[in-house]
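Each remark here refers to the structure printed beneath this line.
In my numbering, the protein residues as written are 83 to 350.
So, in structure tokens, the structure goes:
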């Protein structure tokens, strides 16, 4: 895994403009090279957080880091393939090393492919399971000690772990069965983990986007699940980023554990 600090070397909360509900905090966002992940990194920077961002495409991350710096925050660029369990765990430790702490983890990285079970490729199933489920488990487990520490002695008295799921985890559809299964698993994991750590100040949230215009929702993929809903009516990544920012900027006594966001035109 490549670890590049594109900030100015300061730790979270040191230097840059003061203020914001996440001032003095550091956030790690996975799958940040485009779409929801990139929009979320910018949204959290605008709330005062310093960032660590991880994905496979370093050049994209460098561009995102420049945008974060324009918001007055630092940004560590971490290049990793989160389907590899060791890289998934290591990216958390690298984020803590670069940022000096970890207050927010957003598990956003994901993969989708469609098709009937009898016709689809099991290699695609494995990729979805590895990235949509296994990577979430690995990064979450690795982050927990740091999040618990932040909740105990951090500036907010609370820490946040957010898993980005999908409406597919709530409303399964034919020809989308394995993807739906992975996202349903993320929902179950999130609720169980919430029960384990909420009394110690770590809030676990689940965000379930409906049809959202990203690189993941290519024309072929969308034709299988959009059911004729025109692309211009879909959500934008910034819509989901606002939901995540809302979730993690609640006061310490308030936990928003689940947000389902659909386009107004989406029926299911």
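For every residue, glycine included, the Cβ atom is placed at its ideal position computed from N, Cα and C.
Subject >> Span separating the alpha-carbon of residue 268 from that of residue 222 >> reply: Going by the C-alpha atoms only, they are around 11 Å apart.
Original post:
Using a Cβ-Cβ cut-off of 8 Å (strictly less than) and excluding sequence neighbours within five positions of residue 295, which residues of its own chain qualify?
Top reply: These residues qualify, in order along the chain: 313, 316, 317, 318 and 319.
Subject >> Bridge-paired residues (DSSP) for residue 341 >> reply: Note: residue 341 sits in a beta bridge opposite 289.
Subject >> Which residues DSSP lists as bridging residue 135, in chain order >> reply: Its beta-bridge partners are 111 and 159.
Subject >> Closest by C-alpha distance to residue 182, when choosing among 231, 152, 218 and 170 >> reply: When each option's Cα is compared against that of residue 182, the closest is 231.
Original post:
Once you ignore the five residues that flank residue 275 on each side, which residues in its own chain have a CB closer than 6 Å to its CB?
Top reply: Shown here for residue 275: same chain residues with a beta carbon closer than 6 Å to its own, the five before and five after excluded, namely 286 in chain order.
Original post:
Between the Cα of residue 280 and the Cα atoms of 291, 215, 334 and 323, which residue gives the shortest distance?
Top reply: Among 291, 215, 334 and 323, the Cα nearest to that of residue 280 belongs to 334.
Original post:
What separation, rounded to the nearest whole angstrom, lies between the Cα atoms of residue 150 and residue 161?
Top reply: Cα to Cα, the separation comes out at about 17 Å.
Subject >> Residue environment, residue 228, which counts as buried when at least 16 other CB atoms sit within 10 Å >> reply: Its Cβ being crowded by 16 or more others within 10 Å, residue 228 is buried.
**OP:** Kindly indicate which residue of 257, 239 and 252 has the alpha-carbon position closest to the one of residue 270.
**Re:** For the residues 257, 239 and 252, the minimum Cα distance to residue 270 belongs to 252.
**OP:** Measure the beta-carbon distance from residue 174 to residue 135 and round it to whole angstroms, keeping in mind my assumption that it falls under 8 Å.
**Re:** Rounded, the Cβ-Cβ distance is 13 Å, inconsistent with contact.
Original post:
From what residue to what residue does the beta strand (DSSP E) around residue 187 run?
Top reply: Unbroken beta strand (DSSP E) run through residue 187: 186-189.
**OP:** Please name the residue or residues paired with residue 327 in a DSSP beta bridge.
**Re:** In DSSP, residue 327 forms no bridge with anything.
Original post:
Just reading off the alpha helix (DSSP H) that residue 244 is part of, what are its end residues?
Top reply: Looking at the DSSP string, residue 244 is not in any alpha helix (DSSP H); the run it does join, the beta strand (DSSP E), is 241-246.
Original post:
Quick one: what's residue 294 bridged to in DSSP?
Top reply: In the DSSP output, where bridge partners are listed per residue, residue 294 has 317.
Original post:
To the nearest angstrom, how far is it from the Cα of residue 350 to the Cα of residue 235?
Top reply: Computed Cα separation, rounded: 42 Å.
Original post:
Starting from residue 223 and walking both ways along the alpha helix (DSSP H), at which residues does that stretch end?
Top reply: Here the alpha helix (DSSP H) through residue 223 covers 217-235.
Original post:
Can you tell me whether residue 164 is buried or exposed, with buried defined as 16 or more other CB within 10 angstroms of its CB?
Top reply: Residue 164 should be labelled buried.
**OP:** Within its chain, find whatever has a CB closer than 6 Å to the CB of residue 206; leave out the 5 residues flanking it on each side and keep chain order.
**Re:** Excluding its 5 nearest sequence neighbours in each direction, residue 206 has C-beta neighbours in its own chain below 6 Å: 195, listed in chain order.
Original post:
Would residue 208 be called buried (16 or more neighbouring beta carbons within 10 Å of its own) or exposed?
Top reply: Counting of Cβ neighbours within 10 angstroms places residue 208 among the exposed residues, the total staying below 16.
Subject >> Bridge partners - residue 284, DSSP secondary structure assignment >> reply: The partner list for residue 284 (beta bridge, DSSP) reads 241.
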